[in-house]
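Notes for the one structure printed next.
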Amino acid sequence: MELRKKGYNCAQSVVCAFADVAGVDEQVLFRIAEGFGSGMGGQQHICGAVAGAIMVNGLLNSSGQPGNIDSLIKTLGVSRQLTEGFCVQNGTAICKELKGTETGKMIRSCPDCVMDAARLAETILLENADAAFQN
């Protein structure tokens, strides 16, 4: 939450929180995640916090080798777990629905979405840590 308070968007807040675990410079992650704020480029599509968690998953699970089907299957599967877990907690992973932009009824605040996505990432990625932290 400290990163969010410093002005990081939702995606940046989640992905940068894992910079040390991923072994990637926080400034690089900040720049990569900048366009994912406010639901993918400000369009209020997929929640930026969820996008950040999925980015962390890619950093930890991808082999970084084109054509590695095992890596792709694992990374997609964990991304699905992250997204579905977030939806179970909040009812949706769509930014405008979470914010209540069209309905006037907020489901979850941005700071709470960041906390939810970061906790899910930590929990799910720790479950997959045996392979994830070997990359």
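Each step along the sequence shown adds one to the number in the working numbering, with nothing skipped, and position 6 is 1448.
Just so you know, even glycine gets a beta-carbon here, dropped at the ideal spot from N, CA and C.
None of these values were measured; they are calculated from a predicted model.
Query	Result
Coarse secondary structure for Ile1549, derived from DSSP in three states	coil
Among Gly1465, Arg1522, Ala1491, Glu1526, the one whose alpha carbon lies nearest that of Arg1550	Ala1491
Inter-residue spacing [alpha-carbon to alpha-carbon] between Glu1544 and Leu1568	36 Å
Bridge-paired residues (DSSP) for Ile1488	Ile1536
Under the three-state DSSP convention, the category Thr1565 falls into	helix
Which of helix, strand or coil DSSP assigns to Gln1507	coil
As assigned by DSSP and simplified to three states, the class of Phe1478	helix
Glu1544, DSSP secondary structure in three states	coil
Distance between Asn1510 and Gln1486 (C-alpha atoms, nearest Å)	32 Å
Reduced DSSP category for Phe1528 - H, G, I as helix; E, B as strand; rest coil	helix
Nearest candidate by alpha-carbon position, reference Phe1478, set Val1457, Leu1501, Val1466, Gly1465	Val1457
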